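Here's the structure, in structure tokens; my notes come after.
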Amino acid sequence: MSVQLREPICSLGRRHISEKPWPLYLKRRSTATITQGNSSLTHSIPRPTRTWIVHTRAYNTSVATATMRSPITATEQVPVKTTNVTSTAAPQLNTSKFWQQYQQQTKDSMTSKEVEHLMSALLQQGQKSSRKSVFWHRIIQVYEAAQQSQLQSTPTIYLTAMTAYGRARNSQQVLAIFKEYKKRFRLKDKAHRRYFAAIIDSGDFSTALDVLRDIKSNPKLSVMDASICLKDFVTALCLSTKKSHVYTAIKAVEEMRQSTADWDPQSRQQITESLWQGYHKLVASKPPPITPISVEELVATTTATTTAKIIPSQLFTLFHLLCHQSNGFVPTAKTCNLMLENQLLDKNYSNVKSILAWMQKLDIEPTSSTVAILLRTFGTRLPTHQAEQMYSKSLHQKDLDADFFKNYIQVFAKDGKLVKSVLQDVRQHGFEMDPTWHTAMTQSFVQRGQLDQGIKWLQHVNSRDLDCYATVLEAYLQRGQWDKCISQYELLLHQEQNVDMHRRLVKCAVAAGFADKRNNVLDNIKIKFTPNTVMRIVNNLLCLDSKHGHPLVSGGIVVKSLKMMESKLHVYLDAEGIRRVILGLGNRGDCQHGFAVYKYVREGGHDHVRKRCASSHIYLAMMASATKNNDIRILERAWVDMQYRKRFLGDASRGKEPHTLARYNILLNGYASQLPKPNLTGVKRVFQRLLNQNLSPDTVTYNILIKAFVNANNMDAANQILKQQDKPDIRATNTLLNGWIIQQNWNQVEKFVKQQPVDMVTFNLLIQNFLKLDSKSMSYMHILKNKQQWHELDKLRSHKNTSPPMSSQTIWSIFESATGYTRHGITLRKQIRTRHATNTSLCNQLERLQPAAPTKSSSAFIKLFSKAAAAPDQVTYKLFMKAFVNIGDYESASDVYQWMNYSLKL
14 MSVQLREPIC SLGRRHISEK PWPLYLKRRS TATITQGNSS LTHSIPRPTR TWIVHTRAYN
74 TSVATATMRS PITATEQVPV KTTNVTSTAA PQLNTSKFWQ QYQQQTKDSM TSKEVEHLMS
134 ALLQQGQKSS RKSVFWHRII QVYEAAQQSQ LQSTPTIYLT AMTAYGRARN SQQVLAIFKE
194 YKKRFRLKDK AHRRYFAAII DSGDFSTALD VLRDIKSNPK LSVMDASICL KDFVTALCLS
254 TKKSHVYTAI KAVEEMRQST ADWDPQSRQQ ITESLWQGYH KLVASKPPPI TPISVEELVA
314 TTTATTTAKI IPSQLFTLFH LLCHQSNGFV PTAKTCNLML ENQLLDKNYS NVKSILAWMQ
374 KLDIEPTSST VAILLRTFGT RLPTHQAEQM YSKSLHQKDL DADFFKNYIQ VFAKDGKLVK
434 SVLQDVRQHG FEMDPTWHTA MTQSFVQRGQ LDQGIKWLQH VNSRDLDCYA TVLEAYLQRG
494 QWDKCISQYE LLLHQEQNVD MHRRLVKCAV AAGFADKRNN VLDNIKIKFT PNTVMRIVNN
554 LLCLDSKHGH PLVSGGIVVK SLKMMESKLH VYLDAEGIRR VILGLGNRGD CQHGFAVYKY
614 VREGGHDHVR KRCASSHIYL AMMASATKNN DIRILERAWV DMQYRKRFLG DASRGKEPHT
674 LARYNILLNG YASQLPKPNL TGVKRVFQRL LNQNLSPDTV TYNILIKAFV NANNMDAANQ
734 ILKQQDKPDI RATNTLLNGW IIQQNWNQVE KFVKQQPVDM VTFNLLIQNF LKLDSKSMSY
794 MHILKNKQQW HELDKLRSHK NTSPPMSSQT IWSIFESATG YTRHGITLRK QIRTRHATNT
854 SLCNQLERLQ PAAPTKSSSA FIKLFSKAAA APDQVTYKLF MKAFVNIGDY ESASDVYQWM
914 NYSLKL
């Protein structure tokens, strides 16, 4: 037999010949091979009855003395390389022939090591070939054959199989192999990298993101190892042709951004460069080299338009990585100013703090524009005269630019005289008001409420910035001046070009037309409407409120507008959009019109449109809205309809779908929350029904039952249900405690508080009831007002007014006992902060002030809270503010509000 036929396929992937697991009978029979030229002389060995792999081992045993642990590289024609033997000519191998021989053999006779070597050889061949190489499918075939023969796999077999399945784009099989691998072997860092690389190769990037999160949260892996996996993920995503993959890469980096300093430096550099290319792909430009000037141009391009494809948080992610570069990259001061302005518009103050920290760390000197940007956001907390003084001092600096004056125009936006003064300084310094000034001036007019003057000014300067006009028209819309909004839009159509293609202007005009009850709103629409466009217009109509919080647009107009847009434009909201509309109407107390939307989507439209009713979203939204608005009839209707929702998929054979325990809990909660008294009959009926359906009540079910009996003033039944639970949660205990407080059963309250730790919910419940803030009565009054049941509302008000109101002194006494601060101390702090902020002695006196000790009193409230460890939070202070407002003591409510902002550092 020739040398080529004797070459074993298992040797192709072997690192060292001497490491091969030789059979025992070959070890007992030593052989010697003398290699000379192109021939080989081998002593004859009795041929055993094993497969072809056994025969080929004889050759490798004989050449082992000559090769001396030399590695073998597998190619299509693989030579046997020898070291330290210069006169040896390597024979050529043909991998395809060995694969044919493997297919002809019995797979059950192979060992784990033989399978491992075979798969490793094929892996080396596949890595040198294309993604669609036949070697990946051969590896999969070998692995599956080994699994069928129940051969025990080694770590190398698992890793090689994962790589092959990844190249074959089978991510689910990669996950399954890794899960089995973890059960049998201890994982190392390289195993996670091979596993993650296989997931990336599969092209299933959503699964890859989940796997990356698991790797990141693995306590046995370091942040450096996770950053290496992140590098491969981001590189693959940014090289993709889909822009959506770039957003996925940004999201993955944002989730690991907090530990950027601990990343592998080379991986961090590669991630930064990949994202740099990805960001330029989003803005459709060719990526230049990373320099301070090119970064400034990218940031300026992104922040210059309101329709940017990169949101502020995503832009900060790139900025953060660039500042971490090891090549000494330092952004320009203008880049930092643009980033500050960008993050402040997004109200992301933690990013603002990080940008300022980077400026300090990289020795970037703040300019006057930097100060003006910060003042524009935080200047409202300063008195106007202090902001004016800072502006006057800044005028003497040498680095003034146009952005400095534009920012101060927005600082003084509400003061017309100061704005005129800034404009005079602009002329004195020789700056021209180019189109970039128009946005700042428009916002100034809008904040001062001078909308007509803003339109005239834009026309006077011949502004072509349609976004400025849209800002004014949106202000008209929010104020309810819909006729002016429409007339200005029609005027713009004759004066400017492309007005009917500007999406902000068109959506504003359409919303104003619907609110003004015009029927020709959708005529001559040129922009393309999408479900997102329809949802935004409907949401704008839902959010139009008066100064007192009353809706400006009725629910009937909202429903009619939705029907018109869907019928005329043939653009339909999905189940999630309908859910948002129903909840929006329900939050306004308009459950009836929410039910009108519910019936419309179930009864109208084509079959393919009505398929959205097969989703549970609209039924759950309708039940939530009905529960909030005390409409049990609608709740029961939606609950029953939900069982038959699958029929909207077009399959008439689908029958009734039994309700789950969660949906029974929804109906139970509706009966338990009914005002003015809970419907105990309905509660008992539904509870018995779920038991008949062989459903076991959970903690939520028992909590609802406790709430029902507490609202029905049956504390004994509620207490019995609580005792039936092994581990009642805090909601159940707080509900029971609230019932005892309403009954003024102080013995039970004191006993309960001593047994249970007082958390903030319990703390605020006690305060709410001692302040006589009956939330249930207030909710019922609100519902009666929305339903226009004035007779019932008057009866409830007259009954509520029979009890004498609390005095201001009593509320302050409760405040001092609960918080530990006296009214005198709060008043003194107010005087120091408002009148004597520069007085050092008074400031020192402020710092020495300590919380007042609880006053000795026989009050049950003080007895309970003299040992309470809970500290007041924002809800606590708002309860006291509400109590003062109810008795007309607005000055005390203002004092509590100012103290809340000071003490909680808001």
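So for the sequence shown, the numbering used here puts the first residue at 14; every next one is plus one.
Positions of the beta carbon are idealized from the N, C-alpha and C atoms, including for glycine.
All figures in this text were calculated on a predicted structure; none of them were measured in a lab.
Whole-number beta carbon distance between residue j and residue i, since they are thought to touch under 8 Å
| i | j | result |
| --- | --- | --- |
| Ile920 | Leu778 | For the chain, the structure presents residues 14 to 919; residue 920 sits outside this window and is missing. |
| Thr397 | Leu357 | Not a contact, Cβ separation roughly 20 Å. |
| Ala634 | Leu662 | About 20 Å; that fails the 8 Å criterion. |
| Leu749 | Leu703 | Actually they do not touch by this definition, with Cβ atoms about 23 Å apart. |
| Glu354 | Thr316 | 7 Å |
| Gly599 | Ser638 | 3 Å |
| Val959 | Ile190 | Absent from the structure is residue 959, since the part of the chain shown begins at 14 and ends at 919. |
| Phe198 | Pro168 | 5 Å |
| Val343 | Ile377 | 7 Å |
Cβ-based neighbour list, residue i, same chain, cut-off 7 Å, excluding 5 preceding and 5 following
| i | result |
| --- | --- |
| Ala906 | Met894, Phe897, Val898 |
| Arg660 | Arg667 |
| Lys201 | none |
| Val365 | Leu353, Gln356, Leu357 |
| Gln410 | Ser381 |
| Cys23 | Residue placement at Cys23 is flagged as unreliable, the pLDDT there being 41, under the threshold of 50; the coordinate-derived value follows with that caveat. For Cys23, where only same-chain residues beyond five positions count, the Cβ hits under 7 Å are Ile66, Glu127, His130, Leu131. |
| Leu917 | Gln887 |
| Val224 | Phe209, Ile212 |
| Asn682 | Thr640, Ile717 |
Residue nearest to residue i in terms of C-alpha spacing, selected from the options
| i | options | result |
| --- | --- | --- |
| Ala525 | Pro300, Met454, Ala385, Leu490 | Leu490 |
| Ser382 | Ile422, Ala177, Asp359, Arg151 | Ile422 |
| Met454 | Arg698, Thr167, Asp480 | Asp480 |
| Leu136 | Val774, Ala174, Ser166 | Ala174 |
| Ser574 | Ala159, Ala588, Leu554, His451 | Leu554 |
| Asp886 | Glu904, Val909, Arg531 | Val909 |
| Pro305 | Lys255, Tyr292, Phe332, Val247 | Phe332 |
| Arg207 | Ser219, Lys196, Ala239 | Ala239 |
| Ala725 | Gln687, Phe700, Trp759, Gly602 | Gln687 |
| Cys349 | Lys539, Arg199, Glu309, Ala385 | Glu309 |
| Gln706 | Gly683, Lys720, Asn682, Tyr677 | Tyr677 |
| Gln761 | Ala313, Asp729, Pro300, Lys785 | Asp729 |
| Thr314 | Leu295, Ala274, Thr330 | Leu295 |
| Arg625 | Ile595, Trp149, Asp587 | Asp587 |
Neighbourhood of residue i by C-beta, 6 Å cutoff - its chain only, sequence neighbours within 5 removed
| i | result |
| --- | --- |
| Met578 | Val547 |
| Ala882 | Residue placement at Ala882 is poorly supported in this model, since its pLDDT is 45, which falls under 50; the coordinates still yield a value, given next. Result list for Ala882: empty, nothing under 6 Å. |
| Thr868 | Summary for Thr868: the model assigns pLDDT 38, below 50, so the residue's position carries little reliability, and this model does not support an answer. |
| Arg623 | Phe661 |
| His515 | Leu479 |
| Gln656 | Lys669, Glu670 |
| Tyr585 | Glu579, Val622 |
Residues bridged to residue i [DSSP beta-bridge criterion]
| i | result |
| --- | --- |
| Asp558 | Pro564 |
Check whether residue i and residue j have beta carbons under 7 Å apart
| i | j | result |
| --- | --- | --- |
| Gly695 | Val723 | no |
| Ile591 | Ile631 | yes |
| Gly291 | Cys336 | no |
| Ile717 | Ala685 | yes |
| Val432 | Phe418 | no |
| Ile213 | Ala221 | yes |
| Leu535 | Lys581 | yes |
Residue i Cβ short of 6 Å to the ligand FMN heavy atom set
| i | result |
| --- | --- |
| Thr748 | This structure does not include the ligand FMN; it has no bound ligands of any sort. |
8 Å CB neighbourhood of residue i in its chain, flanking five on each side removed
| i | result |
| --- | --- |
| Ile550 | Lys520, Val523, Ala524, Phe527, Ser574, Met578 |
| Phe874 | Summary for Phe874: the model assigns pLDDT 49, below 50, so the residue's position carries little reliability; its value from the coordinates is reported in the next sentence. Contacts found: Leu779, Phe783, Ile827, Ser830, Ala831. |
| Gln738 | Thr712, Tyr715, Ala745 |
| Ile153 | Ala174, Ala177, Tyr178, Ala181 |
| Ser820 | Ile900 |
| Asp620 | Gly663 |
| Gln466 | Phe458 |
| Tyr903 | Phe897 |
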